[in-house]
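See structure below.
Structure (structure tokens):
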């Protein structure tokens, strides 16, 4: 029986190939809903379920982690039915242009060869918006326009509630802001081990600087 936990599930065929990859707040309930008796199904769904031979799953600490993992696994395996079970609209991507002093996170429908970093596609726009709200608690990036960024005379409400680092009024340097965004990129790539290592190095560096300041007093 699948656990009642957040995670990613993989529907596989008899050869072990991924047919469909999805994320869930509750793996047990979500996978059960796929095979619920009496459910009205489209032809493409019937085709998918007739080929499913096994179900694998990976639990995650939260639904946010599940969304990121789902996106990375879909990008890696490119299961046919992740596209066939949905219409042909363009799924959203996250765009981060690290060449800017204070990059924003943009939701776009197409990738361009413009040097920016792209993450996705994400199959559920609603879940993506919820994930971004959560990520801003950890990585307080700006959401204001470039014009607002250039002309602001005082911190915005997002800064007051700790959802923005305050680059518009000089509360964070371009270097520190870019470092934060690079760490967010590591998270979006699923490279939590690299992120933890980087945060540990920063903490050790800060501790060493504090000891140096104490010694100089």
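Numbering (my numbering), first residue to last: 13 to 229. Where a beta carbon is used, it is the ideal one built from N, C-alpha and C, also for glycine. Only a predicted model underlies this, so the values are computations on that prediction, with no experimental measurement involved.
Check	Outcome
Chain-order list of residues whose beta-carbon lies under 6 Å from that of residue 167 (same chain, five-residue window excluded)	178 and 181
Pairwise C-alpha distance: residue 69 and residue 149	28 Å
Inter-residue spacing [alpha-carbon to alpha-carbon] between residue 174 and residue 151	10 Å
Cβ neighbours of residue 7 in the same chain (closer than 7 Å, five flanking residues each side left out)	Here the chain comprises residues numbered 13 to 229, so residue 7 is not present and cannot be evaluated.
Proximity winner among 73, 93 and 65, relative to residue 235 (alpha-carbon distances)	Nothing about residue 235 can be reported from this structure: the residues present for the chain run from 13 to 229 only.
Distance between beta carbons of residue 195 and residue 210, contact taken as under 8 Å	6 Å
Inter-stretch contact (C-beta, 8 Å, three-pair minimum) for the region 60–69 and the region 18–28	yes
Alpha-carbon spacing of residue 199 relative to residue 73, whole angstroms	13 Å
Residue 199 in three-state terms, based on DSSP	helix
Enclosing alpha helix (DSSP H) for residue 170 [first to last residue]	169–172
Residue 139 and residue 79 closer than 7 Å at C-beta	yes
Closest residue to residue 59 among 31, 131, 44 and 145 (Cα-Cα distance)	31
Extent of the continuous alpha helix (DSSP H) to which residue 71 belongs	Element bounds for residue 71: not the alpha helix (DSSP H) but the beta strand (DSSP E), 66–71.
Buried/exposed call for residue 212, threshold 16 Cβ in 10 Å	exposed
Three-state secondary structure assigned by DSSP to residue 34	strand
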